[in-house]
Amino acid sequence: MTETAHPDHQPKIELTGVHKSFGEKKILRGVNLSIGKSESVVVIGGSGTGKSVLLKCILGILHPESGNIKIDGKDVVGVRGRAKDKHLRKFGMLFQGSALFDSLPVWQNVAFRPLQAQGMKKKEARDLAIATLGSVGLSPAVGDLYPAELSGGMQKRVALARAIAAKPEIIFFDEPTTGLDPIMSDVINELIVKCVRELGATTLTITHDMASARKIADRIAMLHEGHIIWQGPKRDIDHSGNPYVDQFIHGRAEGPIRMQVRKV
Amino acid sequence: MNPLALIGHTFLEFLAATGRLGHFTSRSISHCFRRPFYWSQIGRQFVDIGYFSLPVVGLTALFTGMVLALQSYSGFSRFDAESAIPTVVVLSITRELGPVMAGLMVAGRIGAAIAAELGTMRVTEQIDALTTLSTNPQKYLIAPRLIASTLVMPLLVLIADIIGVFGGFLVCVYRLKFNAANYISQSWQYLEFRDVTSGLWKAAVFGFIIALMGCFNGFNSKGGAQGVGAATTNAVVTASILILVSNYLLTGIFFSGK
């Protein structure tokens, strides 16, 4: 896997000066981030620093007030209609709470895009779903269950299968290990690394789980108060020389980052 | 707080909400007429909204018809006008009570269900997930509900009309000892085609209102379980009020001068 963006190649995803606020609250205050093709970037940062907002801006679910977001060199802020379909077709996303459709059985969840958006035949879509479930270590029998019948870890795996089923060029992982035990977290991390390698996809992961970040990332960036305050190869994370990063990766309450806890 | 500021704030908030609803409505309607159409979703909504509402709507219509016959009797018997009861029952049911009672019951049943389902999908990010899977959530979730609800309500109301009139018939024949054949012929005598069709047009409008309010409140719900609860309440309350208001307006249009 690559350690940095290819210098001779245009970045797959490029954000420049992205601002997003909700009413008075400024969430992103000029985010600059560039991700090379087939690179895996992990964005770390505390809760409520706007990591999810960042992903939703790139997907076009949220619209930033200013700044550019380029995918394959094309500006995608405010795309509509056909262009938006084409834009979204490049993406797969694993949601924090899995976000499986609970009215559909597992296999229809996994093959949702081919079935609904690409007009694939049911039989074919089912085969694809079963194969994809296999690649995340789930048996074909799981395909006929409903999401509510699965444990959290299995739901995550189904969600991962759904994200990769249509072989997207770019995959987003939103806190892939949140709410899982350490062993299941590691299973998911392994699966992510394996699947991404097989697909050769570009990935952007947001997490506050350092074990996960170390496992998945080529490069790590830290988001704090709406800015990327540090970024570098994974191996540099332990001697970044940045007090914010140090505090975060060691999980210390004392340091430059002040959690807003009211004194009693 | 300054009371004038409070009034101004409330008024502006009302205008903003109206604008949001207008925007949402126009976009949702346009999605109903543009491809792709999710036929399986539409079919499923037909069953959910139409078929499974039959027991509730049928019972409501039956008892409404029955009580209507009893009440008209207690009034009309005072001036020997019992023979007008069949006409009163059939006109009241087809023109007014069938669509309104069915509308209110379906608003409670379906408006709430739609708002709760879409609201839960919103807070668990399932709606965002649809977008990332190249599926327009308004097209996939809202258009099928609007289409099904608008088309199926007239059918439900037609059935409710029949059951309601039958309720009146039961009371008059078995309790008040009317002649059954006379009752039926008198029911038909003054009934005009447009009495029934106007009720069915109302039903279609009510169906649209119910699904729209459920979708609007559910789709835009925020903040977990409490938000979903609030969305559900709002969906039922706004749908019920809009049904009653639009019922008056539609009656005014259909029977102007009559």
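Chains as they are written, first to last, in this note's numbering: chain F, 1 to 264; chain H, 1001 to 1258. C-beta atoms are modelled at their ideal positions from N, C-alpha and C, and glycine is treated no differently. As the structure is a computational prediction, the values presented were derived from the model and not from experiment.
The beta carbon of I1127 (chain H) lies closer than 6 Å to those of M1121, P1137 in the same chain, with the five residues before and after it left out. For a Cβ distance threshold of 8 Å, nothing in chain F lies close to D1080 (chain H): the least Cβ distance comes to about 59 Å. For M210 (chain F), the three-state secondary structure derived from DSSP is helix.
In this structure, DSSP gives S40 (chain F) an extended state, which the three-state scheme calls strand. The beta carbon of S1072 (chain H) sits closer than 6 Å to the beta carbons of I1085, V1088 from its chain, once the five residues preceding and following it are set aside; these are given in chain order. Burial check for P1099 (chain H): the Cβ neighbour count within 10 Å reaches 16 or more, so the residue is buried.
Note: K20 (chain F) is bridge-paired with F:L28 in the DSSP secondary-structure output. Where P233 (chain F) is concerned, there is no enclosing alpha helix (DSSP H), although the beta strand (DSSP E) around it starts and stops at 227–233. H1009 (chain H): member of the alpha helix (DSSP H) spanning 1003–1032, first to last residue.
With 16 or more other Cβ atoms inside 10 Å of its own Cβ, P176 (chain F) counts as buried. For S1134 (chain H), the nearest beta carbon of chain F is closer than 8 Å to its own beta carbon. Short of 6 Å from the beta carbon of S185 (chain F), and not among the five residues preceding or following it, lie these beta carbons of its own chain, in chain order: T177. The Cβ atoms of F1208 (chain H) and T1124 (chain H) lie no closer than 8 Å to each other.
N1179 (chain H) carries a coil assignment under DSSP once its states are collapsed to helix, strand and coil.
Between the region 157–166 of chain F and the region 101–112 of chain F, the count of C-beta pairs closer than 8 Å reaches three or more; the two stretches touch. By the CB criterion at 8 Å, L128 (chain F) and T1132 (chain H) fall outside the cutoff. Setting aside the 5 residues that flank it on each side, A1148 (chain H) is surrounded in the same chain by I1042, Q1045, F1046, I1049, each with a C-beta closer than 6 Å to its C-beta; the list follows chain order. In the same chain as Y1038 (chain H), and ignoring 5 residues on each side of it, the C-beta atoms closer than 8 Å to its own belong to K1139, Y1140, A1143, P1144, in chain order.
When secondary structure is reduced to three states using DSSP, K74 (chain F) falls in the strand class. DSSP assignment within the region 163–211 of chain F yields the following whole beta strand (DSSP E) runs of 3 residues or more, N-terminal first: 170–174, 202–207.
Around A1231 (chain H), the same chain offers A1115, G1119, N1217, G1218, S1221 as residues with beta carbons nearer than 6 Å, after the five sequence neighbours per side are excluded. Between the region 122–139 of chain F and the region 206–220 of chain F, the count of Cβ pairs shorter than 8 Å is below three; the stretches do not touch. Taken atom to atom, the span from the alpha-carbon of P243 (chain F) to that of I229 (chain F) is near 10 Å. DSSP places S47 (chain F) in the coil class of the three-state scheme, outside both helix and strand. In the three-state scheme derived from DSSP, where H, G and I count as helix and E and B as strand, M120 (chain F) is classed as coil.
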